[in-house]
Amino acid sequence: GAVVSQHPSWVICKSGTSVKIECRSLDFQATTMFWYRQFPKQSLMLMATSNEGSKATYEQGVEKDKFLINHASLTLSTLTVTSAHPEDSSFYICSSKGPPGAGANVLTFGAGSRLTVL
Amino acid sequence: GNSVTQMEGPVTLSEEAFLTINCTYTATGYPSLFWYVQYPGEGLQLLLKATKADDKGSNKGFEATYRKETTSFHLEKGSVQVSDSAVYFCALSDGALNTGGFKTIFGAGTRLFVKA
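See below:
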């Protein structure tokens, strides 16, 4: 089946540093990827929609300068948390529409990345 | 705006028990409805879906019927197994990808524990 690979699966960093999370579609082209944030015992919150070759569309309240999203190819999107602070600690999940044939608006998810900022 | 409300967990059942996880939604237009499941240590994966009113989605013994009159999409399984222990997310999606209006909104998730 279709696979979206996300790494690192967990990362610990110091406050003020930047962290990059990668999301790759391994066996299909992902023109659009979505980045979610999940708080403990809460739902997934859509942060932004990433389109290949263009700027990401951020949801209201999400700081685009803090959460930099790049989608330079049809198989790779990256989320960079810049100048991370403890309140940025969370579980970040990427997903892609598809694969082709899966049906309208079906998403394929990465396994998520847990970020802890000390 | 669109929203999804699902029953709080955790839900604890014995093996072979009947499962219902309630899900209701608020949406303009005619969204597609989904159940995604997240097994321990894994990413979310599609369990089943329904794209229009009265459609029934089914997979792995689970089923859910798109009820427009009650704006509901309850998940059911007649006999659960220990391997069904996971977090279940109800979701809706509206719009079409090529118009840029594609968004998926999730409920808070319901954790299911099945005891042997």
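Which chain is which? The protein sequence lines are A and B, in order.
Just so you know, we're using the working numbering here: the first sequence kicks off at 1 and counts up by one.
Just so you know, we're using the working numbering here: the second sequence kicks off at 1 and counts up by one.
Where a beta carbon is used, it is the ideal one built from N, C-alpha and C, also for glycine.
Computed from a predicted model, the values in this text were never measured in an experiment.
Measuring straight from C-alpha to C-alpha, what distance separates residue i and residue j?
i             : j             : result
residue 87/B  : residue 1/B   : 25 Å
residue 59/A  : residue 98/A  : 21 Å
residue 16/A  : residue 117/A : 9 Å
residue 35/B  : residue 91/A  : 20 Å
residue 106/B : residue 29/A  : 24 Å
residue 20/A  : residue 41/A  : 24 Å
residue 64/B  : residue 77/B  : 9 Å
residue 19/B  : residue 12/B  : 10 Å
residue 100/B : residue 90/B  : Only weak support exists for where residue 100/B lies, its pLDDT of 49 falling under 50; the value from the coordinates is given anyway. Their backbone Cα atoms lie some 22 Å apart in a straight line.
residue 53/B  : residue 72/B  : 10 Å
residue 22/B  : residue 64/A  : 35 Å
residue 68/B  : residue 88/A  : 38 Å
residue 27/B  : residue 10/B  : 26 Å
residue 39/B  : residue 56/A  : 29 Å
residue 62/A  : residue 48/A  : 8 Å
residue 105/A : residue 13/A  : 35 Å
residue 49/B  : residue 112/A : 22 Å
Are the beta-carbon atoms belonging to residue i and residue j less than 7 Å from one another?
i             : j            : result
residue 16/B  : residue 79/B : yes
residue 44/B  : residue 66/B : no
residue 104/B : residue 6/B  : no
residue 108/A : residue 18/A : no
residue 33/A  : residue 77/A : yes
residue 54/A  : residue 24/A : no
residue 69/A  : residue 50/A : yes
residue 3/A   : residue 26/A : yes
Kindly indicate which residue of the options has the alpha-carbon position closest to the one of residue i.
i             : options                   : result
residue 116/B : 7/B, 109/B, 14/B          : 14/B
residue 112/B : 27/B, 83/B, 29/B          : 83/B
residue 96/A  : 54/A, 70/A, 75/A, 38/A    : 75/A
residue 59/B  : 27/B, 51/B, 75/B          : 75/B
residue 103/A : 51/B, 61/B, 62/B          : 51/B
residue 52/A  : 37/A, 63/A, 35/A, 72/A    : 72/A
residue 46/B  : 62/B, 94/B, 53/B          : 62/B
residue 55/B  : 30/B, 22/B, 4/B, 81/B     : 30/B
residue 86/A  : 8/A, 114/A, 56/A          : 114/A
residue 31/A  : 100/A, 11/A, 7/A, 13/A    : 100/A
residue 4/B   : 105/A, 110/A, 43/A, 106/A : 43/A
Name, please, each residue of chain A whose Cβ falls closer than 7 Å to the Cβ of residue i.
i             : result
residue 108/B : 42, 43
residue 78/B  : The premise fails here: residue 78/B is roughly 25 Å from chain A at the closest Cβ pair, so nothing lies under 7 Å.
Chain B partners of residue i, CB-CB under 9 Å?
i            : result
residue 93/A : 43, 44
Give me the chain A residues within the contact set of residue i, using Cβ-Cβ distance strictly less than 9 Å, ordered along the chain.
i            : result
residue 93/B : 104, 105, 106, 107
Residues of chain B with CB under 7 Å from residue i, in chain order?
i            : result
residue 46/A : 103
For residue i, which residues in chain B fall below 8 Å Cβ to Cβ?
i             : result
residue 112/A : 43
- Task: Compile a chain-ordered list of the residues in the stretch 97-110 of chain A whose CB is closer than 9 Å to at least one CB of chain B.
- Result: 97, 102, 103, 104, 105, 106, 107, 108, 109, 110
- With 8 Å as the C-beta to C-beta threshold (strictly closer), list the residues of the stretch 37-70 of chain B near chain A in chain order. 41, 42, 43, 44, 45, 46, 49, 51
- Message: Which residues of the stretch 6-34 of chain B have a Cβ closer than 8 Å to any Cβ of chain A? Give them in chain order.
- Response: 32, 34
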